[in-house]
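With numbering that gives the first Met the number 0, letter number 30 in the sequence shown gets 29, and the count goes up by one each step, no holes. Don't be surprised by glycine CBs; every beta carbon is placed ideally from N, CA and C. What follows is a short report on a single structure.
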Amino acid sequence: MIDAYAAVDGAWREIGLAAPARRALVDDGLFQLSDLRKTSLAAIKELDGIDPNTIRVLVAEMKKADLSFRK
């Protein structure tokens, strides 16, 4: 069976996110780092599949890319 998410979760796979986190972000319409600007960190934390390590990775990658979550 082909992973239905494989075609759209590449950006998340590149930064090393676990499959549950990748699926949660894609299901919420977030396909790349810049999409995270549309939502708050609190909203991301509420998604099923997002764990503390995912939050650490996302925050670090956002900082590296000079991006920020919506307030």
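Check your understanding: Just checking my contact of F30 with V56 at CB under 8 Å: how many whole Å lie between their CB atoms?
Key -> Counted from its first residue, the sequence shown places residue 30 at position 31. Counted from its first residue, the sequence shown places residue 56 at position 57. No, F30 and V56 are not in contact; Cβ-Cβ is about 16 Å, not under 8 Å.
- Grab me the residues of M0's own chain with a C-beta within less than 6 Å of its C-beta, minus the 5 sequence neighbours each way, in chain order. Here residue 0 refers to the residue found at position 1 of the sequence shown. Caution is warranted here: a pLDDT of 44 is assigned to M0, below 50, making its placement in the model unreliable, and the coordinate value is therefore given only provisionally. Same-chain partners within the cutoff: there are none.
When you compare only the Cα positions, how much space is there between D65 and V58? Translated into the one-based positions of the sequence shown, residue 65 becomes position 66. Translated into the one-based positions of the sequence shown, residue 58 becomes position 59. Approximately 10 Å between the Cα atoms of the pair.
Compute the Euclidean distance between the alpha carbons of I49 and I43, then round it to the nearest angstrom. Locating residue 49 in the sequence shown gives position 50, where the first residue counts as 1. Locating residue 43 in the sequence shown gives position 44, where the first residue counts as 1. Those two C-alpha atoms are separated by around 7 Å.
Element boundaries [alpha helix (DSSP H), containing G15] = If you number the sequence shown from 1, residue 15 lands on position 16. No residue range can be given for G15, since it is assigned to no alpha helix (DSSP H) and is classified by DSSP as neither H nor E.
Problem set entry | Boundaries (first-last residue) of the alpha helix (DSSP H) holding V58 | In the sequence shown, residue 58 corresponds to position 59, counting from 1. Element bounds for V58: 51-63.
*By how many angstroms is the C-alpha of T38 removed from the C-alpha of D27?*
Residue numbering aside, residue 27 sits at position 28 when the sequence shown is read from its first letter. Residue numbering aside, residue 38 sits at position 39 when the sequence shown is read from its first letter. C-alpha separation (whole angstroms): 10 Å.
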